[in-house]
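Numbering (full-length UniProt numbering), first residue to last: 1 to 215.
Beta carbons: idealized from backbone N, C-alpha and C, even for Gly.
Small disclaimer: the values here were computed from a predicted structure and weren't measured.
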């Protein structure tokens with residue numbers, strides 16, 4: 001267990017999520033790629049259930065996985081609202097365990113208009129999760145920033161913000177010959193179909209205005 005993992009595990013996580021990470025996901029994971037062994041729901045439940053049978057459904061395991069993903073401990077392009085029994089996930093803090101990213105774990109920040117993904121971390125995480133096109137459009141970045149600025153209660157480390165952006169691009173990457181517009185709601189883990197509100201649109205316009213002035 002490296003320092004980055006320990007720091008993330010000490011954040012606001014349930015003990016069950018910590019157990020899932022340390023006893024089910026971490027053992028046997030590839031230290032270079034961060035890829036775990038195939039997830040076995042039954043084996044995970046056996047480790048999580050001590051004297052009482054609390055975990056009985058795969059969706060309960062998925063809830064813990066979403067908790068770990070929010071903390072930056074797990075990365076996957078799969079929908080964690082559906083079964084991933086037999087699938088693998090990525091442990092990014094295991095695979096990026098070097099001093100180059102230590103500074104990205106040392107502070108917690110809200111989203112702001114000048115936010116940019118860390119270039120080196122972006123490229124490494126993009127390769128790790130199989131993001132086909134590592135070039136993103138300014139509108140994708142602007143909509144991501146605007147959406148999360150509208151949710152100031154969300155406070156993450158710079159590492160986690162970059163990771164979240166990479167995963168959203170992976171989930172919603174567009175074929176080279178299909179330039180369909182995407183809403184900020186589609187660039188998040190929230191319920192599909194949520195419309196962009198007026199505040200988000202205003203933030204997008206403000207963001208693009210600032211970037212044009214900087215150019």
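Same chain, Cβ closer than 8 Å to residue i, neighbours up to 5 away in sequence not counted
{"i": "residue 154", "result": "110, 111, 148"}
{"i": "residue 32", "result": "95"}
{"i": "residue 7", "result": "105"}
{"i": "residue 79", "result": "none"}
{"i": "residue 29", "result": "35, 36, 37, 91, 94"}
Span of the alpha helix (DSSP H) around residue i
{"i": "residue 157", "result": "Taken as a continuous stretch (DSSP letters only), residue 157 belongs to no alpha helix (DSSP H), as it is neither H nor E."}
{"i": "residue 56", "result": "Note, residue 56: premise wrong, no alpha helix (DSSP H); not H, not E."}
{"i": "residue 92", "result": "92–95"}
{"i": "residue 7", "result": "3–9"}
{"i": "residue 89", "result": "Per DSSP, residue 89 belongs to no alpha helix (DSSP H) and is neither H nor E."}
{"i": "residue 144", "result": "138–149"}
{"i": "residue 217", "result": "A query on residue 217 cannot be resolved here, the shown segment of the chain reaching from 1 to 215 and no further."}
{"i": "residue 19", "result": "15–19"}
Integer Cβ distance of residue i from residue j, believed to fall under 8 Å
{"i": "residue 41", "j": "residue 85", "result": "5 Å"}
{"i": "residue 157", "j": "residue 115", "result": "12 Å between Cβ atoms; not a contact."}
Burial state of residue i, where buried means 16 or more other Cβ atoms lie within 10 Å
{"i": "residue 27", "result": "exposed"}
{"i": "residue 3", "result": "exposed"}
{"i": "residue 106", "result": "exposed"}
{"i": "residue 69", "result": "buried"}
{"i": "residue 119", "result": "exposed"}
{"i": "residue 170", "result": "buried"}
{"i": "residue 117", "result": "buried"}
{"i": "residue 62", "result": "buried"}
{"i": "residue 17", "result": "buried"}
{"i": "residue 164", "result": "buried"}
{"i": "residue 12", "result": "exposed"}
Sequence-distant residues of its chain with Cβ nearer than 7 Å to residue i (five each side left out)
{"i": "residue 34", "result": "90, 91, 92, 94, 95, 128"}
{"i": "residue 160", "result": "72"}
{"i": "residue 219", "result": "Outside the displayed range of the chain (1 to 215) lies residue 219, so it cannot be described from this structure."}
{"i": "residue 132", "result": "173"}
Proximal residues to residue i (C-beta, below 6 Å), its chain only, five neighbours per side dropped
{"i": "residue 5", "result": "93"}
Residue i beta carbon near the ligand FAD (any heavy atom closer than 7 Å)
{"i": "residue 67", "result": "Only the bare structure without any ligand can be found here, which leaves the ligand FAD out of the picture."}
Residues that DSSP places opposite residue i in a beta bridge
{"i": "residue 109", "result": "156"}
{"i": "residue 37", "result": "According to DSSP, which records beta bridges pairwise, residue 37 is partnered with nothing at all."}
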